[in-house]
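Notes follow once the structure below has been shown.
Residue numbers (my numbering), protein chains in the order written: chain A, 36 to 150; chain B, 66 to 181.
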């Protein structure tokens, strides 16, 4: 079984440019999560979807960041007007269903560098 | 608010020995789930083992086991017969049993080095 797929694996953008990160969850998983990892902040939750609907975006920066899940096979995280402080590894995870005994499985991450 | 604390920044052990990594957590919920993940040198985050708060028995998977002490809000990870390839960063995480959020809260991680 394929795990969570994230593309691209690495992305370099210039300050002020837009970055779109893609995630394909494990087939059959109905919950998708986005996290961000930096040296300073560690692993931080950003947002999650259940059955494609946004449920909790409490970790998302209010400006410039948005996430969508247009269908059950992919989710996107978009960062507008990227800033150097957005440099991080962005991780997508999926789980079979939310609630109960569900484990989140992580993708390999997208390493974003904003110059 | 939930919080997870890993006090050990790094641990170094000899191959084939047993290591314990500590983790304490804070939550207001009576039902929650605890997880250990490992992050390899390539950056891959791999699920290792979980403990559900309502289960009294400590979870065991392969050479990983947990020491769950609920009154102390503690969930230690024990790795027996360590191997070189166990060298990684180990993260403890918690998820509250709340249908309005599924987020994991992570500790800062413990770097494990296994020496030959």
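Backbone N, C-alpha and C fix where the C-beta goes; we use that ideal spot for every residue, glycine too.
Just so it is clear, the structure is predicted and the values come from calculations on it, not from any experiment.
Is it true that the CB of residue j sits closer than 7 Å to the CB of residue i?
i, j, result
"residue 86/B", "residue 180/B", "no"
"residue 259/B", "residue 69/B", "No answer is possible for residue 259/B: it lies beyond the span of chain B, which begins at 66 and ends at 181."
"residue 59/A", "residue 109/A", "yes"
"residue 112/A", "residue 102/A", "yes"
"residue 138/B", "residue 90/B", "yes"
"residue 128/B", "residue 105/B", "no"
"residue 66/A", "residue 130/A", "yes"
"residue 104/A", "residue 84/A", "yes"
"residue 96/B", "residue 162/B", "yes"
"residue 167/B", "residue 144/A", "no"
"residue 141/A", "residue 114/B", "no"
"residue 116/A", "residue 51/A", "yes"
"residue 156/B", "residue 119/B", "no"
Is residue i close to chain A, meaning its C-beta is less than 7 Å from at least one C-beta of that chain?
i, result
"residue 149/B", "no"
"residue 127/B", "no"
"residue 122/B", "no"
"residue 109/B", "yes"
"residue 87/B", "no"
"residue 133/B", "no"
"residue 173/B", "yes"
Using the beta-carbon of each residue, which ones in chain A are nearer than 9 Å to residue i?
i, result
"residue 100/B", "138, 139"
Compare the C-alpha of residue i against each of the options and name the closest.
i, options, result
"residue 160/B", "138/A, 126/A, 127/A", "138/A"
"residue 84/B", "147/B, 96/B, 98/B, 93/B", "147/B"
"residue 99/A", "85/A, 131/A, 86/A, 121/A", "121/A"
"residue 125/B", "100/B, 109/B, 94/B, 110/B", "100/B"
"residue 47/A", "124/A, 40/A, 70/A, 71/A", "124/A"
"residue 174/B", "72/B, 66/B, 67/B", "72/B"
"residue 69/A", "114/A, 148/A, 150/A, 149/A", "114/A"
"residue 62/A", "91/A, 92/A, 37/A, 49/A", "37/A"
"residue 148/A", "72/A, 90/A, 64/A, 141/A", "72/A"
"residue 66/B", "178/B, 170/B, 177/B, 176/B", "170/B"
"residue 121/B", "92/B, 75/B, 134/B, 110/B", "134/B"
Using the beta-carbon of each residue, which ones in chain B are nearer than 8 Å to residue i?
i, result
"residue 112/A", "Near residue 112/A there are no residues of chain B at all, since even the closest Cβ is about 15 Å away, more than 8 Å."
"residue 94/A", "168"
"residue 68/A", "167, 168, 169"
"residue 126/A", "110"
Determine the chain B residues that contact residue i at a beta-carbon separation under 7 Å, and present them in chain order.
i, result
"residue 147/A", "Under the 7 Å cutoff, chain B gives no residues; its nearest Cβ is about 13 Å from residue 147/A."
Can you name the residues of chain B whose CB is closer than 9 Å to the CB of residue i?
i, result
"residue 83/A", "166, 167, 168"
"residue 56/A", "Under the 9 Å cutoff, chain B gives no residues; its nearest Cβ is about 15 Å from residue 56/A."
When the cut-off is 7 Å and only beta carbons count, does residue i lie next to chain B?
i, result
"residue 78/A", "yes"
"residue 143/A", "yes"
"residue 123/A", "no"
"residue 37/A", "no"
Beta strand (DSSP E) runs contained entirely in the stretch 80-123 of chain B, provided each spans 3 or more residues: Qualifying beta strand (DSSP E) stretches, in chain order: 84-86, 89-91, 97-104, 110-117.
Length-filtered (3 minimum) beta strand (DSSP E) runs lying within the stretch 71-141 of chain A: Along the length of the stretch 71-141 of chain A, whole beta strand (DSSP E) runs at least 3 residues long occupy 77-85, 88-91, 100-106, 109-114, 123-130, reported in chain order.
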